[in-house]
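Mapping of the sequence shown onto my numbering: residues 1 to 96, in sequence order.
Ideal placement from N, C-alpha and C gives every residue a C-beta, glycine not left out.
Before any comments, here is the structure.
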Amino acid sequence: MRKYEVTYIIHPDLDGDAFKALNEQVQGWITAPGGTIEKTDVWGKRKLAYPIKKQGEGQYVLLHTEMDPTQCAELERQFRLQEAIMRFLIVAVDEA
């Protein structure tokens with residue numbers, strides 16, 4: 001198991017209930033195959049540096065996770081299939 005930071009930007013027009021449901025779904029993608037979520041930071045709605053999918057802002061979420069490296073490819077696939085997720089980034093954290 002390795003530690004990762006998973007950051008994703010959700011469409012700004014998603015209401016509170018849909019936003020919460022999508023976050024729970026993402027957390028399920030990580031925990032179902034045996035990963036764990038150590039910390040969740042919801043940064044809220046922020047202005048983007050440049051438009052993404054014709055949007056000037058997005059709702060940012062950062063997850064500190066621990067999961068198997070083979071799980072990353074499946075997580076990326078799930079992110080790409082969700083239209084409400086505009087961008088995502090998965091970064092391995094150095095444990096030094």
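Item, Value
"Distance, P12 Cα to T31 Cα", "25 Å"
"Integer Cβ distance of V6 from I85, believed to fall under 8 Å", "Going by Cβ atoms, the distance from V6 to I85 rounds to 11 Å, so no, they are not a contact pair."
"Whole-number beta carbon distance between Q27 and I37, since they are thought to touch under 8 Å", "6 Å"
"Selection from M67, V42, E76 that minimises the alpha carbon distance to V61", "V42"
"Limits of the beta strand (DSSP E) - the one that E83 falls within", "Run containing E83: none; DSSP gives neither H nor E here."
"Beta-ladder partner(s) of F88, from DSSP", "Y8"
"Contact under 8 Å by Cβ, Q59 with W29", "no"
"Local Cβ density within 10 Å of L63, reported as buried at 16 or more and exposed below that", "buried"
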